[in-house]
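Student:
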Amino acid sequence: MPEILEAIIVEGRYDKNTLSQIVDAVILETSGFGIFNDRQKQKLFRTIAEKRGLIVLTDSDGAGFMIRNFLKSCVDPSQIKHAYIPDVYGKERRKSKASKEGKMGVEGMRPEILLDALRRAGATFIGEDRIRAPEETIRKADLYRLGLSGGEGSQEKRAALLQALELPARLSANGLLDVLNALMDRQEFISLASSILPRSEEQ
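When we follow our numbering, the leftmost residue of the sequence shown carries the number 3, and every step to the right adds one.
1. Check whether the Cβ atoms of V108 and D61 sit closer than 7 Å, and answer yes or no.
2. Tell me the DSSP bridge mates of V58?
3. So, with DSSP's three-state summary, where would you put E109?
4. Please state whether DSSP places L30 in a helix, a strand or coil.
5. Can you tell me whether A171 is buried or exposed? The criterion is at least 16 other CB atoms within 10 Å of its CB, across all chains shown.
6. Please report the distance separating the alpha-carbon of E31 from that of G153.
7. Judging by CA-CA distance, which residue of D40, Q81, F35 and A65 is the nearest neighbour of I10?
8. Taking G110 and G92 to be in contact with their CB atoms under 8 Å, please state how far apart those CB atoms are, rounded to whole angstroms.
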């Protein structure tokens, strides 16, 4: 599975599910129009854009372009690449009827179409020599060892870390893992978490 440096922004979870089967990348959701009033998520997008850049991959209908244009206004345009899917008319299998404009969204695109859209947008496909070494990657086990998942009080500790990092409070443990790996390596994370959560045991 090809690995992409930039974080990819899609509209919703079905888009994310489709894309996650095609590329290895940090994939973030706007929750549709939810991004318009979500200042925490807007700040998160700006932070990740500064670290590694963003690729916006929304549906090709009017709503998709509204979201795309909004992102241009809240993130430095020089840090955004835009990937566009073609207008394909029809409906996704899970839906009982087509969308208002009759176009299929990201979730309904074939893998080769999505890969081509990303390549045309100038996505950075990472070669084997540039992949982060396994020991540098933050893993679920690290969250567990630091008391951030799977244990008593882990939700409260995770909330404290999210607040310290100014990340959305609703970010799940898996979402947190994706964001952390976009922002820092394992040692940076352990040092940061240990300073925020002094009672956590460093491994």
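Glycine included, C-beta positions come from ideal geometry on N, C-alpha and C. Here the structure is a predicted model, which is why all the values come from computation and not from measurement.
Tutor: Reading it off the structure:
1. Yes.
2. Partner(s): I11 and H84.
3. In this structure, E109 counts as helix in the three-state DSSP scheme.
4. strand
5. exposed
6. 27 Å
7. For I10, the nearest C-alpha among the options comes from Q81.
8. Indeed they touch by this definition, with Cβ atoms about 7 Å apart.
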